[in-house]
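Read through the structure below, which is laid out as structure tokens, and then see the notes.
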Amino acid sequence: MEEDEISLRDYIKVVRKEKILIASIFLVAIIAAAIFSFSIPNEYSSEAKLSYISNDKIPLTDAVELLQSQTIIQKVVSQEGGASQGDALSMLGNLKVENIKSTNKILIQLKGNNPDTMKRYFEQYVNVAINEVNRISSGKSQSDYSRLENLSTVYTKQRNEVSTEMKRKLIEDADLELRRLENLTGITERLGDTDRQLDLAFKISDLKEIKNGRTSSSAAQQMISDDPELSLLNSKLSSIDARLVDLETKKLELENLDTTTVKLISPPTDPVITGPRRTLNIAIAAVLGLFIGIFAAFFKNYMEGSASG
Numbered sequence: 012m013e014e015d016e017i018s019l020r021d022y023i024k025v026v027r028k029e030k031i032l033i034a035s036i037f038l039v040a041i042i043a044a045a046i047f048s049f050s051i052p053n054e055y056s057s058e059a060k061l062s063y064i065s066n067d068k069i070p071l072t073d074a075v076e077l078l079q080s081q082t083i084i085q086k087v088v089s090q091e092g093g094a095s096q097g098d099a100l101s102m103l104g105n106l107k108v109e110n111i112k113s114t115n116k117i118l119i120q121l122k123g124n125n126p127d128t129m130k131r132y133f134e135q136y137v138n139v140a141i142n143e144v145n146r147i148s149s150g151k152s153q154s155d156y157s158r159l160e161n162l163s164t165v166y167t168k169q170r171n172e173v174s175t176e177m178k179r180k181l182i183e184d185a186d187l188e189l190r191r192l193e194n195l196t197g198i199t200e201r202l203g204d205t206d207r208q209l210d211l212a213f214k215i216s217d218l219k220e221i222k223n224g225r226t227s228s229s230a231a232q233q234m235i236s237d238d239p240e241l242s243l244l245n246s247k248l249s250s251i252d253a254r255l256v257d258l259e260t261k262k263l264e265l266e267n268l269d270t271t272t273v274k275l276i277s278p279p280t281d282p283v284i285t286g287p288r289r290t291l292n293i294a295i296a297a298v299l300g301l302f303i304g305i306f307a308a309f310f311k312n313y314m315e316g317s318a319s320g
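For the sequence shown, position 151 (counting from the first letter as 1) is numbered 162 according to my numbering, and the numbering increases by one without interruption.
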């Protein structure tokens, strides 16, 4: 073994020689950690769970964002008075909202140092948050309903315009055809064509009904199918009617829609102590103190050796 090689025995000698230094640093680290750990106030934690009800108004990710929005927090804070507002704002700043993986449940956690006020703030927050999210969901449904009503009004107006135009065109065509057939009637009377006169009489009767406003008769429907312009107007009318039926169906669905987006399934739990972990802190400080003490011992021994050398 070479002269400059340090053996395990040398290490042990250094440790024994500087045991007071090592023990001092070790004890100082433990005492400092203990003082620090016990001077820190207890940290409490409480949690609540909500159930998300799937709908197309507020997606799950948006619901989670809404639940931790400043708007909701400010509403809770505004319910407090004076100095309590700052305390509530500070505590609610520790809110954590997340979706429990692969479920429709939302976990809300709150941490704080005062278990009594924390529970009160947390309960207020949960109530306000649920009401606010559901209010927004309901508002979006009402907005959709108003939009559908506006569309219904527009399509109803269009239907009236097309219907009026078709009726006008139908009566105008019926009037022209009526004049033509009345002229033919005089001719057939002179010719003595009884069958022809009877046929014309029926047609004239149908045309007079159309002219008087009976545009839903079979004769009117025949005129509509025979006239390209009237047929086009009738197609537009059918398309508008189908759209109006669709809008009424959607309005009915919204009227029966449950706008609840989130509901409480687990109310805020009683606050439980979650920190500080005093024993763990002291144990870590003890290990670090021991390592620092040993390092300091060897460093001191090295410096003394260099000085004497």
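Backbone N, C-alpha and C fix where the C-beta goes; we use that ideal spot for every residue, glycine too.
Are there 16 or more other CB atoms within 10 angstroms of the CB of residue i, so buried, or fewer, so exposed?
i	result
Gly256	Looking at the sequence provided, one finds Val at residue 256 rather than Gly. By the neighbour-count rule (16 or more Cβ atoms within 10 Å), Val256 is not buried but exposed.
Ile69	buried
Asp184	buried
Phe133	buried
Thr272	buried
Pro279	buried
Tyr63	buried
Ser229	exposed
Ala296	buried
Ile42	exposed
Ser148	buried
Val165	exposed
Met234	buried
Val87	buried
Leu243	exposed
Ala34	exposed
Ala318	exposed
Met314	exposed
Asp21	exposed
Taking 7 Å as the limit between beta carbons, can you name the residues of its chain near residue i, skipping five residues before and five after?
i	result
Gln120	Ser56, Glu58 and Lys107
Asn145	Thr270, Thr271, Thr272 and Val273
Ile36	Gly300, Ile303, Gly304 and Ala307
Asp98	Thr128
With distances taken from CA atoms, which of the options is nearest residue i?
i	options	result
Leu78	Ile51, Val139 and Glu266	Val139
Glu188	Ile46, Ile215, Tyr166 and Ser152	Ile215
Ile276	Ser65, Lys60 and Asp186	Lys60
Phe309	Arg20, Val25 and Asn145	Val25
Glu240	Leu162, Met177 and Ser249	Met177
Gln169	Asp252, Arg190, Arg179 and Lys261	Asp252
Gln153	Phe49, Leu268 and Thr114	Leu268
Lys262	Glu160, Asp186, Tyr22 and Glu315	Glu160
Asn125	Gly286, Ala231, Ile46 and Gly92	Gly286
Ile117	Val75, Met129, Asn105 and Asn142	Val75
Asp127	Thr114, Glu54 and Lys30	Glu54
Gln90	Leu71, Ile51 and Arg131	Arg131
Ala294	Ala40, Ala231 and Gly104	Ala40
Ile83	Val137, Lys311, Glu172 and Asp237	Val137
Glu29	Lys311, Gly316 and Ser317	Lys311
Asp73	Asp237, Leu38 and Glu109	Glu109
Arg191	Glu172, Lys180, Arg179 and Leu218	Leu218
Gln232	Ser250, Leu181, Ile31 and Leu258	Leu181
Val298	Asp186, Leu38 and Ile31	Leu38
Asp186	Ile23, Lys222, Asp238 and Glu264	Lys222
Glu259	Glu315, Ser50, Tyr313 and Arg158	Arg158
Ser80	Ser250, Asn171 and Asn105	Asn105
Does the beta carbon of residue i fall short of 8 Å from some heavy atom of the ligand MN?
i	result
Ala307	Ligands displayed in this structure: none; no statement on the ligand MN is therefore possible.
For residue i, collect the residues of the same chain with a Cβ closer than 8 Å to its Cβ; drop the 5 residues on either side in sequence, then sort them by chain order.
i	result
Glu266	Tyr156
Met102	Leu121, Gly123, Asn125, Thr128, Met129 and Tyr132
Asn115	Ser62, Tyr63, Ile64, Ser65 and Leu71
Ile141	Leu61, Val273, Lys274 and Leu275
Val283	Tyr55, Ser56 and Ser57
Asn171	none
Leu32	Gly304, Ala307, Ala308 and Lys311
Glu143	Leu77, Thr82, Ile83 and Lys86
If residue i sits next to residue j, beta carbons under 8 Å apart, how far is it from one beta carbon to the other, in whole angstroms?
i	j	result
Ser48	Arg289	4 Å
Ser321	Leu248	With the chain represented from 12 up to 320, any question about residue 321 goes unanswered, as that position is not in the structure.
What residues in its chain sit with their C-beta under 6 Å from that of residue i, if we drop five residues either side in the sequence?
i	result
Ile111	Leu118
Asn292	Ala44 and Ser48
Lys151	Lys68
Asn245	Ile235
Arg254	Tyr166
Leu100	Val88
Handout entry: Residue ranges of each alpha helix (DSSP H) within the stretch 74-147, 4 or longer
Key = 81-89 and 95-103
Exercise for the section: Give, in chain order, every unbroken run of the alpha helix (DSSP H) that is at least 4 residues long and sits entirely within the stretch 215-291. Expected result: As far as the stretch 215-291 is concerned, its whole alpha helix (DSSP H) runs of at least 4 residues are 229-237 and 239-266.
Handout entry: Start-end ranges of the beta strand (DSSP E) lying completely within the stretch 42-73, minimum 3 residues
Key = Here the runs fully enclosed are 54-63.
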